[in-house]
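**Q**
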Amino acid sequence: MNTDQLHQEIKEANLSYMLLARQMIQEDKAAAIFRLGISQEMAELIAGLSSAQLLKMAASNMLLCRFRFDEKLLLNMITDYNKNRLMSQAHATILMTGQSVEALAA
Amino acid sequence: MRNKSVVTEAYQIQIAVDLIKLGARLQLLQEETALSRERLLKLYKEVRGGSPSKGMLPYSTDWFMSWSPNIHSSLFMDIHQFLLKHTSLTGVEALIKSYGLYLEQINASGDEPILSVTRAWFLVRFFDAQMLQLTGCTECGGHFIAHANGLYAGYVCGICRPPSRAGKTKRNAATSSLLDISVAN
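Structure below.
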C-alpha cells in the first residue's frame, strides 16, 4: 500500500468513525459515552459538529480514533478467548470501565 | 405522596414502566417512584400481562460472592460506577441505563443474565450502605465486588484464577457433551 492509498484509507476510516460516533451520541448520550470511552464534554462537542465540520475533521491524514487497550488487557483477551468467550468479553468490559476516558485538555 | 404535577407523574410512570420491563419487583417500584401501590399494580399488569411475584426480596450480600454471580454483578457495578462518574445520570436513571448496558453485554456474548434488576438495585444500596466495595485484582487490575472492610491483600479475581469447579454446572455439562457428540459426528 503506497502513501496515497494509506491516506485514503485513513480518511475513510475517520469519516465512518466520526459519523458513527455522532449518531451514537445523538441517539443515546450516556450509552455512547460508555461505549466510546469519552468524556461528556467531548460527547457534546462531537454531537454539535455540523456535517461540514465533520467532513473537514475526517479529511485529516491522522487517524482520529486510538486503541483503548493497554498491553496487558490485549494479551488477556487474546489468550482467554478460546477458553470462554463470555468471560473474556465480560473481562474486557470490566477492565475498560476502569480506564480513564478521553477528555479535552483543560 | 400526592403528585400535583402531571409532568412529574408522566416521568414517574415512564421510570416505572422501564423498571417493569427490566423485570423489577413491586417493592422496588414503590421505593423508587412516588406512585401509589394500586397504580403500580395496574401498570405492572398492563406491561407484563400478569400479577407481580410475591414474597420476600433476595436480601443477601453473600450471593454476590460466589463465582459467576460475582463476575456478573461486578460487570454491572463497574458500568454503574462508570456512568455515575462520566455522565450526568444519577439515582434510578443510572440504574436503568447501566442494567440495560449489562444485559446488552451479556446477550452479545450469548449468555444468560444472572443478575436480576432487583438484585442490581440491592447491590447499589449495599454499596451506599458501605456493606460491599470494589476491590482491584492484582493480576488484571479490574475491579470486583467484595465485602467491605475485608482483608484483600494480593486479591486475585475469579476470571484470572477461576476455582476448579467454576462454571461446571449440570446445564453446561449437558450442552458441552452435546457439542462433543456433534463434533464426533
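Quick note, the sequences are listed as chains A and B, same order.
When you number the first sequence by the numbering used here, it's gap-free, plus one each residue, and the end is 1408.
When you number the second sequence by the numbering used here, it's gap-free, plus one each residue, and the end is 462.
Glycine included, every Cβ here is placed at the ideal spot set by N, Cα and C.
1. Express the C-alpha separation of L392 (chain B) and L303 (chain B) in angstroms, rounding to a whole number.
2. Roughly how many angstroms lie between the CA atoms of V324 (chain B) and A397 (chain B), to the nearest whole one?
3. If you measure beta-carbon to beta-carbon, which residues of the region 408-439 of chain B are closer than 7 Å to chain A?
4. Starting from F1371 (chain A), follow the alpha helix (DSSP H) in both directions and report where the run begins and ends.
5. Strictly below 7 Å CB to CB, what residues from chain B border Q1342 (chain A)?
6. Quick check on L320 (chain B): does DSSP put it in helix, strand or coil?
7. Using only alpha-carbon positions, find the residue among B:M333, B:Q358, B:G300, B:L428 that is nearest to A371 (chain B).
8. Determine which residues share a DSSP beta bridge with L380 (chain B) and list them.
9. Starting from the N-terminal side, write out each stretch of the beta strand (DSSP E) that is 3 residues or longer and does not extend beyond the region 294-344 of chain B.
10. Which whole-angstrom value is the C-beta distance of Q1342 (chain A) and S375 (chain B), which I expect to be below 8 Å?
11. If distances are taken between C-alpha atoms only, which option among B:I348, B:I373, B:E286 comes closest to T1395 (chain A)?
12. Does the separation of the CB atoms of C434 (chain B) and S351 (chain B) fall below 9 Å?
13. Answer yes or no: do Q1391 (chain A) and A385 (chain B) have a C-beta to C-beta separation smaller than 9 Å?
14. Compile a chain-ordered list of the residues in the region 1316-1344 of chain A whose CB is closer than 8 Å to at least one CB of chain B.
15. With which residues is Q410 (chain B) paired in a DSSP beta bridge?
16. Under the three-state reduction of DSSP, which class applies to I436 (chain B): helix, strand or coil?
17. What in chain B is Cβ-close to A1392 (chain A), meaning under 8 Å?
18. Please check the pair M1344 (chain A) and L1406 (chain A), which I expect to be a contact at CB under 8 Å, by giving their CB distance rounded to whole angstroms.
**A** According to the structure data:
1. 17 Å
2. For the pair V324 (chain B) and A397 (chain B), the Cα-to-Cα distance works out to about 21 Å.
3. C417, G418, G419, H420, I436
4. Annotation: F1371 (chain A) is outside any alpha helix (DSSP H) and is labelled neither H nor E by DSSP.
5. H363, T364, S365
6. L320 (chain B) falls in the helix class under three-state DSSP.
7. Comparing Cα-Cα distances from A371 (chain B) to each of B:M333, B:Q358, B:G300, B:L428, the minimum goes to B:Q358.
8. Partner(s): none; L380 (chain B) has no beta bridge.
9. Runs found: none.
10. Contact doesn't hold; Cβ gap of about 16 Å is too wide.
11. B:I348
12. Yes, the Cβ-Cβ distance between C434 (chain B) and S351 (chain B) is below 9 Å.
13. Cβ atoms of Q1391 (chain A) and A385 (chain B): closer than 9 Å.
14. If you check each beta-carbon in the region 1316-1344 of chain A against every beta-carbon of chain B, the ones closer than 8 Å belong to K1331, A1332, A1333, I1335, F1336, S1341, Q1342.
15. B:A423
16. coil
17. I348, H349, L352, Q382, I383, S386, I436
18. 6 Å
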